[in-house]
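Data first, discussion second: the structure below is written as structure tokens.
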Amino acid sequence: MSRIAYVNGQYVRHAEAAVHVEDRGFQFADGVYEVCEVRQGMIVDLTRHLNRLDRSLRELKMASPMSRAALTFVIREVLRRNRVRNGIFYLQVTRGAARRDHYFPAPDTPPTITITAKSTDPSVAAKKYANGIKVIIVPENRWDRVDIKTVGLLPNVLAKQQAKEQGAQDAIFVDRNGIVMEGASSNVWIVTPEGELVTRPAEHGILKGITRTTLMDVAATLDLKVAEREFKIEEMMAAREVFFTSATGICVPIVEIDGKPIANGHPGTVSASIRDAFFDIAEKTPI
Numbered sequence: 002m003s004r005i006a007y008v009n010g011q012y013v014r015h016a017e018a019a020v021h022v023e024d025r026g027f028q029f030a031d032g033v034y035e036v037c038e039v040r041q042g043m044i045v046d047l048t049r050h051l052n053r054l055d056r057s058l059r060e061l062k063m064a065s066p067m068s069r070a071a072l073t074f075v076i077r078e079v080l081r082r083n084r085v086r087n088g089i090f091y092l093q094v095t096r097g098a099a100r101r102d103h104y105f106p107a108p109d110t111p112p113t114i115t116i117t118a119k120s121t122d123p124s125v126a127a128k129k130y131a132n133g134i135k136v137i138i139v140p141e142n143r144w145d146r147v148d149i150k151t152v153g154l155l156p157n158v159l160a161k162q163q164a165k166e167q168g169a170q171d172a173i174f175v176d177r178n179g180i181v182m183e184g185a186s187s188n189v190w191i192v193t194p195e196g197e198l199v200t201r202p203a204e205h206g207i208l209k210g211i212t213r214t215t216l217m218d219v220a221a222t223l224d225l226k227v228a229e230r231e232f233k234i235e236e237m238m239a240a241r242e243v244f245f246t247s248a249t250g251i252c253v254p255i256v257e258i259d260g261k262p263i264a265n266g267h268p269g270t271v272s273a274s275i276r277d278a279f280f281d282i283a284e285k286t287p288i
């Protein structure tokens, strides 16, 4: 079965999907995106993802391509046409195609919207949860507005590639003061020796992850204490558990950082309990 993509009002074969050569997303990274998990035929946390999309568009003074109701219909249709029951969809909006100029194009320039979807194998994620992942620490070198989910991800790409070349699977950005920021495509959490869940505040300096937000709801149901505060490398390395949260990974345990094991070097029980309860608590929208 051929994959189907949605591009500016049309459903087209994925292999033939294209945007204009002067699209501002291509030339300036002048665009935003969202990635959302689909599990057992349900879209996970769709409302929160679309709320964040609206915020990203507002922050960049970018027009919304369509109404919330219309966008939800198109997302469902793309998932149905690709027969996705377990997987993800990727949605991207740019400021549109116009003559290359750093200034915004004319106000009547239509935004570009693309949506793709693909199935994923749940057993691959299960293996990652069972074994945990290895990560490296990299210096923070991104722009100041990482709270906006833009397509300008080159520092993240370079961090992930560096991790791969060093035999790890991911990277954690740390600022010049040794304060942990976030992963290359995820939020970072630690479990202190006392059992407290800690993640840094999301008002500035990191992306306010949707999975991060829902995890707080999950923690409340499990009677786990959560603290939003900064923490440094030293506290992270001494933690009982360290894990990433993201829409594509949910709750991924980290067992090694820069070649050093976290605790006993195996996934912990807190992240496992959160992951097991997550889908029951998260919003589920039928396809």
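Position 206, counted from 1, in the sequence shown is what this note's numbering calls 207; the numbers after and before it change by one each time, with no gaps.
Glycine included, C-beta positions come from ideal geometry on N, C-alpha and C.
Since the model is a prediction, treat every value here as computed from it, not as a measurement.
Where residue i falls: helix, strand or coil (DSSP)
i: R40; result: strand
i: I263; result: coil
i: G269; result: coil
i: Q162; result: helix
i: T113; result: strand
i: G26; result: helix
i: V189; result: strand
i: K129; result: helix
i: E231; result: coil
i: V199; result: strand
Which listed residue (the options) has its alpha carbon closest to that of residue i
i: A164; options: V136, G179, R143, V189; result: V136
i: H21; options: T73, R101, T222; result: R101
i: H205; options: M238, I89, R146, R230; result: R146
i: N265; options: P194, L208, G97; result: P194
i: V152; options: R25, R14, A16; result: R25
i: M237; options: V39, E284, E183; result: E183
i: T214; options: D224, T200, L223; result: T200
i: A16; options: I180, S3, M217; result: S3
i: R14; options: V33, N83, M63, E60; result: N83
i: R230; options: A248, V192, E257, D224; result: V192
i: G179; options: L208, E235, F29, M217; result: E235
i: T249; options: N9, F29, R40; result: R40
i: R143; options: R81, D122, F174; result: F174
i: F27; options: D277, I275, A240, L154; result: L154
i: N336; options: F29, L61, L72; result: The structure shown does not extend to residue 336, since the chain spans only 2 to 288, so no value can be given for it.
i: I1; options: K62, L223, L208, F29; result: Since the first and last residues shown for the chain are 2 and 288, residue 1 lies out of range.
i: A99; options: K62, F29, R81, D122; result: F29
Cβ-based burial, residue i [other Cβ within 10 Å; buried from 16]
i: A19; result: exposed
i: E35; result: buried
i: Y104; result: exposed
i: K233; result: exposed
i: P140; result: exposed
i: S186; result: buried
i: P268; result: buried
i: A221; result: exposed
i: G88; result: buried
i: W190; result: buried
i: R59; result: exposed
i: A240; result: buried
Between the CA atoms of residue j and residue i - distance to the nearest angstrom
i: D176; j: K150; result: 20 Å
i: V219; j: T48; result: 17 Å
i: I138; j: D109; result: 44 Å
i: F158; j: Q170; result: The question names Phe, yet the displayed sequence has Val at residue 158. Taking the straight line joining both Cα atoms gives about 12 Å.
i: S124; j: Y130; result: 10 Å
i: P202; j: R56; result: 18 Å
i: Q167; j: T270; result: 28 Å
i: Q93; j: T115; result: 5 Å
i: I76; j: K261; result: 42 Å
i: N188; j: R53; result: 15 Å
i: V45; j: F280; result: 8 Å
i: A126; j: S120; result: 13 Å
i: E23; j: P106; result: 11 Å
i: V181; j: R276; result: 23 Å
i: T286; j: I207; result: 27 Å
i: S247; j: L216; result: 10 Å
Contact set for residue i: own chain, Cβ-Cβ below 7 Å, skip 5 residues either direction
i: I255; result: G133, I134, V136, V243, F244, F245, I263
i: H50; result: E35, C37, I211
i: R69; result: L51
i: E197; result: K226, A228
i: P111; result: G97
i: D31; result: R25, T95, R96
i: D259; result: I137, I138
Any non-hydrogen atom of the ligand HEM closer than 7 Å to residue i Cβ
i: G32; result: The ligand HEM is not among the ligands present in this structure, which contains no ligands whatsoever.
Own chain, CB closer than 6 Å to residue i, minus 5 neighbours either side, in chain order
i: T117; result: A6, Y91
i: R86; result: G42
i: S272; result: E242, F244, C252, P254
i: P66; result: V94, P112, I114
i: E257; result: K135
Cβ shell of residue i (< 8 Å), same chain only, five flanking positions each side left out
i: V79; result: I5, A6, Y7, Y12, F90, I116, T117, A118
i: K161; result: D171, A172, A185, S186
i: L61; result: D31, V33, R96, I149, T151
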